[in-house]
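Protein chains in written order, with the working numbering: chain C, 1 to 310; chain R, 311 to 584; chain B, 585 to 911.
For every residue, glycine included, the Cβ atom is placed at its ideal position computed from N, Cα and C.
Listed below in structure tokens is the structure:
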């Protein structure tokens with residue numbers, strides 16, 4: 001082989017290289033080792049720094065919010081404005097709690113069916129439409145939530161003459177939830193081993209029956225997880241609802257009535273001049289965070305439990 | 311499996327043992343208490359190719375990776391026994407792990423050049439890691455090592471090109487050059503040709519025969535014929551009943567393949583299991 | 585706060601079982617039509633989303649684009665509506681937040697992948713998810729009621745003790761602590777989980793082979809990270825950066841609560857300011873007619889920036905996959 005004749009005769013150059021390397025002092029080596037340790041120590045510090053805000057935040061939430069949430073009046077009474085005579089008469093947040101439930105319910109009804117179906121379609125189709133929708137859903141998932149509020153205002157509140165209402169807020173939240181549900185549903189359906197689908201087809205079942213009866217049930221866990229996460233997000237969002245729900249001070253289920261919401265009441269009262277309201281706000285925040293955490297953790301647990309069952 | 315008798319030509323010089331490059335004494339490796347390989351005692355002679363052979367699972371790779379302390383990366387891994395490099399205990403002696411790895415190089419099963427580096431940068435990466443900065447030295451090392459790996463001719467005009475542009479066999483030779491640039495005393499090779507086509511395999515086997523003039527080569531291979539072709543000494547490992555590998559026999563290749571002591575060795579070389 | 589959505593897997597391969605959609609088969613079932621219907625609804629909604637905001641903003645763009653992009657000062661209710669302060673504020677807060685988040689996030693990801701024992705990884709992953717799940721209004725609340733006083737009491741005096749601080753940050757002498765800097769810090773905390781989630785993923789899939797090869801050549805662990813792992817993951821890390829930046833630009837209520845709500849171009853970070861999203865949130869309630877159009881126009885700007893950054897991030901993450909596929 002011709003390239004074998006290129007092998008250099010080793011003796012001199014080889015030793016020079018070896019000498020060069022051997023001459024790397026132990027001190028230089030030690031210095032590099034020390035630098036390595038320092039950099040990793042800095043990385044560990046960064047990890048701690050990441051954990052700090054969450055810990056501090058949780059501490060404040062429980063410290064300031066716990067006394068507030070332990071009164072039943074907090075959950076059952078409508079809000080009141082404190083007066084100079086009754087500076088601590090803040091009432092409760094029953095309207096906001098109900099409002100959040102109502103908004104989430106209506107939004108879910110709008111978003112879940114469409115979202116799951118689109119997600120399934122994206123998982124099962126090769127078409128240009130599917131590819132385009134995929135890009136759209138990923139882009140919309142990261143879109144600023146205030147824009148959903150603008151959309152809902154223009155379309156529902158103004159053009160359809162519905163006015164400030166629960167349905168407007170739900171619409172905004174549905175627009176928010178849809179991309180999340182689409183993406184997670186697609187991932188869930190694609191996560192089903194294709195051998196399952198092939199087995200069904202091999203038995204002679206029609207493709208759409210295989211999808212509905214074999215693949216979808218297997219993807220349910222992932223789909224439900226995605227729905228829970230989407231709901232968790234919708235519950236906590238202020239910006240989409242801020243512009244369109246009207247901040248209603250009554251308890252109402254009706255879609256056309258203005259409602260309040262937990263994040264909205266936090267936003268409205270955070271800068272209040274009344275210390276009692278500023279304290280109450282921590283209680284609302286605590287409720288919100290606990291709610292959202294429970295949902296996130298349940299989604300995680302649900303997802304991993306089913307993984308093990310497989 | 312067909313019975314293929316592998317005959318090895320009688321060596322041209324007498325198998326007098328020269329100086330030992332590495333010595334293994336009672337080496338055992340365990341992971342979280344479970345023994346993976348044990349009872350390894352043999353000397354690796356300088357400027358010879360020593361192969362570790364045996365069926366899969368017999369601990370050959372595990373043993374090899376102990377020789378450059380790669381198991382330090384694995385939590386729960388423990389290496390017992392003694393491994394000496396030119397008389398120095400590599401685990402407990404007066405040698406840092408980074409220095410050890412400059413003297414004992416490694417080539418892996420799948421070619422793994424650094425994808426973001428050019429051919430040149432790959433070749434000198436070891437030197438750079440160890441603080442060598444002078445361009446003249448790096449240039450010289452690149453040329454020497456690439457020539458030693460029989461790659462210089464085909465790449466000298468495109469040294470700045472990304473390493474991923476090379477074929478599989480060329481990438482592996484680049485990895486060999488990368489290890490050689492450090493001018494190590496020992497070169498560990500973990501099934502270096504198993505991911506390559508036959509022609510690339512042949513080129514690298516020829517390379518090894520030339521390389522042993524300058525480095526001591528220890529190669530793990532599951533290909534008996536390869537071991538018979540290129541190695542001077544052979545260590546045969548087998549998985550025992552407790553699923554731990556152990557050294558069955560160590561001798562010159564000629565003896566292992568033509569006239570082994572242990573019947574299990576004979577069974578293996580005759581292809582009775584594998 | 586938004587849920588962190590990890591970059592989706594590479595959806596370009598399909599198996600043959602999907603004949604239903606991928607052949608010109610004449611027997612389409614109702615199932616097929618239902619899915620197509622849902623997709624059309626989704627597509628319509630998305631188009632409506634973009635179109636509605638654009639349509640509403642049109643009057644403003646027709647006549648006042650220059651003012652919108654370059655004017656300082658927002659005069660309700662009749663104008664002129666100058667958006668420069670919001671644009672500058674968005675840039676300032678997002679970029680500063682990004683720098684903080686990337687520095688800390690990179691160190692965090694490296695720790696998670698290379699320092700943490702396997703059993704802790706789950707806990708830390710959960711922690712990051714929880715950080716991401718906290719609603720932005722709660723971060724804003726915390727920022728306003730807790731961090732702002734702390735800034736006033738501790739950070740600002742400390743900053744002022746540096747000689748060049750006053751030139752860089754300004755010396756507000758204001759009493760409530762709301763500032764662009766505070767907004768940047770709160771934003772940094774909020775986008776950190778996004779960055780960590782993606783960068784952790786990108787770093788952990790660097791092949792073990794490369795790590796072992798570099799260590800076998802005598803590299804120290806940090807050299808391995810710096811010379812091999814990070815360069816190999818570089819493109820994906822840029823993707824994570826762009827996505828985190830996109831998130832930062834879109835954050836509304838947290839910035840609204842802590843930035844001070846002042847529509848004036850401001851380069852001293854200790855002074856109050858605003859961002860596009862925060863300004864829309866605060867002004868929209870009282871706005872009429874022309875002002876609504878102007879706010880919608882700001883919304884269009886925000887949409888363009890956010891979508892642009894998202895798409896770039898997407899492209900980068902998919903390029904990163906290709907790098908690893910070649911290895």
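- Residue-level contact check: residue 273(C) does not touch chain R, since none of the beta carbons of chain R fall below 8 angstroms from its beta carbon.
- Cα atoms of residue 545(R) and residue 531(R): separation of roughly 11 angstroms, rounded to the nearest angstrom.
- Under the DSSP assignment, residue 335(R) falls outside any alpha helix (DSSP H), being part of the beta strand (DSSP E) whose first and last residues are 330 to 341.
- With a cutoff of 8 angstroms on beta-carbon distance, residue 351(R) and residue 328(R) are scored as not near each other.
- Residue environment for residue 484(R): buried (at least 16 other C-beta atoms within 10 angstroms of its C-beta).
- Only residues of its own chain outside the window of five on either side were considered, and among them 107, 110, 111 have a CB closer than 6 angstroms to the CB of residue 174(C), listed in chain order.
- The beta carbons of residue 353(R) and residue 557(R) sit no closer together than 8 angstroms.
- The three-state secondary structure of residue 347(R), taken from DSSP, is strand.
- Contacts with chain B (Cβ-Cβ distance below 8 angstroms) from the stretch 228 to 241 of chain C involve 229, 230, 232, 233, 235, 236, 237, 238, 239, listed in chain order.
- Legend: CB atoms of the stretch 486 to 500 of chain R lying less than 7 angstroms from CB atoms of chain C belong to residues 492, 493.
- From the listed residues 488(R), 357(R), 527(R), the smallest Cα separation to residue 450(R) is found for 488(R).
- Residue 796(B) reaches chain R at 375, 380, 383, 416, 418, 422, counting residues in chain order whose Cβ is nearer than 9 angstroms.
- Contact annotation: in the stretch 500 to 524 of chain R, no residue has its CB less than 7 angstroms from a CB in chain B.
- Boundaries of the alpha helix (DSSP H) harbouring residue 726(B): 720 to 726, taken from the DSSP string.
- A distance below 8 angstroms separates the beta carbons of residue 157(C) and residue 244(C).
- In this structure, the CA atom of residue 228(C) is about 12 angstroms from the CA atom of residue 291(C).
- In this structure, residue 32(C) places its C-beta atom within 8 angstroms of the C-beta atom of residue 804(B).
- Here the alpha carbon of residue 411(R) sits roughly 18 angstroms from the alpha carbon of residue 522(R).
- Of the other Cβ atoms in all chains shown, 16 or more fall within 10 Å of the Cβ of residue 440(R); this residue is therefore buried.
- In the three-state reduction of the DSSP assignment, residue 363(R) falls in the strand class, which pools E and B.
- Burial check for residue 66(C): the Cβ neighbour count within 10 Å stays below 16, so the residue is exposed.
- Listed in chain order, the non-local C-beta contacts of residue 339(R) below 6 angstroms within the same chain comprise 346, 347, 372, 376, 389, local neighbours out to five positions each way being set aside.
- For the stretch 834 to 862 of chain B, the set of positions with a beta-carbon nearer than 7 angstroms to some beta-carbon of chain C reads 834, 836, 837, 841, 861 in chain order.
- Around the beta carbon of residue 457(R), a 10 Å sphere encloses 16 or more other beta carbons of the protein chains shown; the residue is thus reported as buried.
- Of the candidates 784(B), 735(B), 641(B), the residue whose Cα lies closest to the Cα of residue 760(B) is 735(B).
- By the rule that beta-carbons nearer than 8 angstroms mark a contact, residue 28(C) touches chain R.
- Taking a Cβ-Cβ cut-off of 7 angstroms, the neighbours of residue 212(C) in chain B comprise 615, given in sequence order.
- As computed with DSSP, residue 530(R) is found in a beta bridge with 362(R), 500(R).
- Here the stretch 89 to 100 of chain C lies against the stretch 260 to 280 of chain C, with 3 or more beta-carbon pairs under 8 angstroms apart.
- Looking at the DSSP output, residue 658(B) sits in a beta bridge with 665(B).
- Residue 428(R) carries a strand assignment under DSSP once its states are collapsed to helix, strand and coil.
- Residue range 814 to 834 is occupied by the alpha helix (DSSP H) that includes residue 820(B).
- Nearest to residue 778(B) by alpha-carbon distance, out of 718(B), 884(B), 841(B), 643(B), is 718(B).
- Contact of residue 161(C) with chain B is not assigned, every C-beta pair being separated by 8 angstroms or more.
- For residue 273(C), the secondary structure class from DSSP, reduced to helix, strand or coil, is coil.
- At a cut-off of 8 angstroms between C-beta atoms, residue 409(R) counts as an interface residue with respect to chain C.
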